[in-house]
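*Asks:* What follows is a single structure, and I will ask about it in a moment.
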Amino acid sequence: GQQVMQIPQYQHVQEGEDFTTYCNSSTTLSNIQWYKQRPGGHPVFLIQLVKSGEVKKQKRLTFQFGEAKKNSSLHITATQTTDVGTYFCAASLWEGGGNQFYFGTGTSLTVIP
Amino acid sequence: ETGVTQTPRHLVMGMTNKKSLKCEQHLGHNAMYWYKQSAKKPLELMFVYNFKEQTENNSVPSRFSPECPNSSHLFLHLHTLQPEDSALYLCASSQDRRVIYNSPLHFGNGTRLTVT
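Quick note, the sequences are listed as chains P and H, same order.
Just so we're aligned, residue 1 is where the first sequence starts under our numbering, counting upward by one.
Just so we're aligned, residue 114 is where the second sequence starts under our numbering, counting upward by one.
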């Protein structure tokens, strides 16, 4: 079954509004990574979170890892048209005696000028 | 970012054809991957190579055959594909996952494959 659930699947926002995407798992995660894929492009690594409760910022982007290490979020403040794309979380979890890596389904962000 | 190069960018093939996808990385990484990206589905891991050795094969049909002659090059040989195999095929590389299991992936631009 799907190990990593990501919501929402789609989000349309007016330019200047905030945006948040969530990544959830029923299993404790070793770490989580976030990627951005522009339309017609390929996924590009944004950041990695490892510690429980960790918060990292990149300009207008804020990444959080839950205290229980089962969920994560990406928040964009005051969206711009350059933020358009699909945001994926990718979670690493200990399974079957090894580290397994799963991508979420992604959240497609549209920013209306 | 040109660290991972994939060719061709687009490929149309019939179900009886044989073709190959090529991936080359210039990042000094030791792990390489093939992913399949279909609409409305998560990225699906197909194969993983670490130091030229295949370490994962996620129940991929035998009509997909990977080849990794060295740590910088990765191929995906295709034969007798089905229309449902049409997708974006992404190559990625990372540092040695035995040492750094959570090493970020660096993706190529992908090959958009259409099977007719």
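Don't be surprised by glycine CBs; every beta carbon is placed ideally from N, CA and C.
All of these numbers come straight from a predicted model, not from anything done at the bench.
Can you confirm whether the region 22 to 29 of chain P touches the region 38 to 45 of chain P when touching is taken to mean that 3 or more C-beta pairs between the two stretches lie within less than 8 Å?
*Replies:* No, the region 38 to 45 of chain P does not touch the region 22 to 29 of chain P.
*Asks:* Quick one: residues in its chain with C-beta nearer than 8 Å to the C-beta of residue 165 (chain H), no 5 flanking neighbours on either side, listed in chain order?
*Replies:* Counting from 1 along the second sequence, the entry for residue 165 (chain H) is found at position 52. Scanning its chain for C-beta atoms nearer than 8 Å, with the 5 sequence neighbours on each side dropped, one finds around residue 165 (chain H) the residues 181, 182, 183, 184, in chain order.
*Asks:* Anything in chain H within Cβ reach of residue 66 (chain P), meaning under 7 Å, just list it in chain order.
*Replies:* For the purposes of this step, residue 66 (chain P) is taken as the residue at position 66 of the first sequence. Near residue 66 (chain P) there are no residues of chain H at all, since even the closest Cβ is about 17 Å away, more than 7 Å.
*Asks:* Taking the alpha carbon of residue 22 (chain P) as the point to measure from, which residue in P:34, P:50, P:14 has its own alpha carbon closest?
*Replies:* Walking along the first sequence from the start, residue 22 (chain P) turns up at place 22. Out of P:34, P:50, P:14, P:34 has the C-alpha closest to the C-alpha of residue 22 (chain P).
*Asks:* Can you tell me the Cα-Cα spacing of residue 77 (chain P) and residue 60 (chain P), whole angstroms?
*Replies:* Within the first sequence, residue 77 (chain P) is the residue found at index 77, counting from 1. Within the first sequence, residue 60 (chain P) is the residue found at index 60, counting from 1. If you take the alpha carbons of residue 77 (chain P) and residue 60 (chain P), they lie about 5 Å apart.
*Asks:* What three-state label does DSSP hand residue 180 (chain H) in the structure shown?
*Replies:* Translated into the one-based positions of the second sequence, residue 180 (chain H) becomes position 67. The answer is strand: DSSP assigns residue 180 (chain H) an E or B state.
*Asks:* Going by DSSP, what residues sit across from residue 145 (chain H) in a beta bridge?
*Replies:* Taking the second sequence and counting its residues from 1, one reaches residue 145 (chain H) at position 32. Residue 145 (chain H) is bridged to H:162, H:206.
*Asks:* Consult DSSP for residue 196 (chain H) and reduce its assignment to one of helix, strand or coil.
*Replies:* Against the second sequence, residue 196 (chain H) aligns to sequence position 83. DSSP places residue 196 (chain H) in helix when its eight states are reduced to three.
*Asks:* Taking the C-alpha atoms as reference points, what is the distance between residue 137 (chain H) and residue 47 (chain P)?
*Replies:* Numbered from 1 along the second sequence, position 24 holds the residue referred to as residue 137 (chain H). Numbered from 1 along the first sequence, position 47 holds the residue referred to as residue 47 (chain P). Their Cα atoms are separated by approximately 24 Å.
*Asks:* Quick one: is residue 69 (chain P) buried, meaning 16 or more other Cβ sit within 10 Å of its Cβ, or exposed?
*Replies:* Counting from 1 along the first sequence, the entry for residue 69 (chain P) is found at position 69. Buried, since its Cβ has 16 or more Cβ neighbours within 10 Å.
*Asks:* Apart from the five residues just before and just after residue 120 (chain H), which ones in its own chain have a Cβ nearer than 6 Å to its Cβ?
*Replies:* Position 7 of the second sequence, counted from the start, is the residue given in the question as residue 120 (chain H). Closer than 6 Å at the Cβ level, and outside the excluded window around residue 120 (chain H), lie 135.
*Asks:* Shortest alpha-carbon distance to residue 201 (chain H) belongs to which of H:151, H:139, H:130?
*Replies:* Your numbering for residue 201 (chain H) matches position 88 in the second sequence. The candidate whose alpha carbon is nearest that of residue 201 (chain H) is H:151.
*Asks:* Quick one: residues in its chain with C-beta nearer than 6 Å to the C-beta of residue 114 (chain P), no 5 flanking neighbours on either side, listed in chain order?
*Replies:* Residue 114 (chain P) is absent from the structure shown; chain P starts at 1 and stops at 113.
*Asks:* Going by beta carbon distance, what residues of the same chain come within less than 6 Å of residue 156 (chain H), once the five residues before and after it are set aside?
*Replies:* Within the second sequence, the letter at position 43 stands for residue 156 (chain H). Cβ neighbours of residue 156 (chain H) beyond the five flanking positions: 148, 150.
*Asks:* Secondary structure at residue 229 (chain H), three-state DSSP: helix, strand or coil?
*Replies:* Residue numbering aside, residue 229 (chain H) sits at position 116 when the second sequence is read from its first letter. Note: residue 229 (chain H) maps to coil in three-state DSSP.
*Asks:* Could you tell me whether the Cβ atoms of residue 25 (chain P) and residue 71 (chain P) are closer together than 8 Å?
*Replies:* Here residue 25 (chain P) refers to the residue found at position 25 when the first sequence is read from its first residue. Here residue 71 (chain P) refers to the residue found at position 71 when the first sequence is read from its first residue. Taking 8 Å as the Cβ cut-off, residue 25 (chain P) and residue 71 (chain P) qualify as a contacting pair.
*Asks:* Roughly how many whole angstroms lie between the Cα atoms of residue 190 (chain H) and residue 129 (chain H)?
*Replies:* Start at 1 with the first residue of the second sequence, and residue 190 (chain H) comes out as number 77. Start at 1 with the first residue of the second sequence, and residue 129 (chain H) comes out as number 16. Cα atoms of residue 190 (chain H) and residue 129 (chain H): separation of roughly 13 Å, rounded to the nearest angstrom.
*Asks:* Leaving out five residues before and five after residue 104 (chain P) in sequence, what residues of the same chain have Cβ atoms less than 8 Å from its Cβ?
*Replies:* For this step, residue 104 (chain P) is matched to residue 104 along the first sequence. So the list reads 4, 5, 6, 23, 88, 89, 90, 91, once near-sequence residues are dropped.
*Asks:* Going by other Cβ atoms of all chains shown within 10 Å of its Cβ, with 16 needed for buried, is residue 139 (chain H) buried or exposed?
*Replies:* Counting from 1 along the second sequence, the entry for residue 139 (chain H) is found at position 26. Classification for residue 139 (chain H): exposed.
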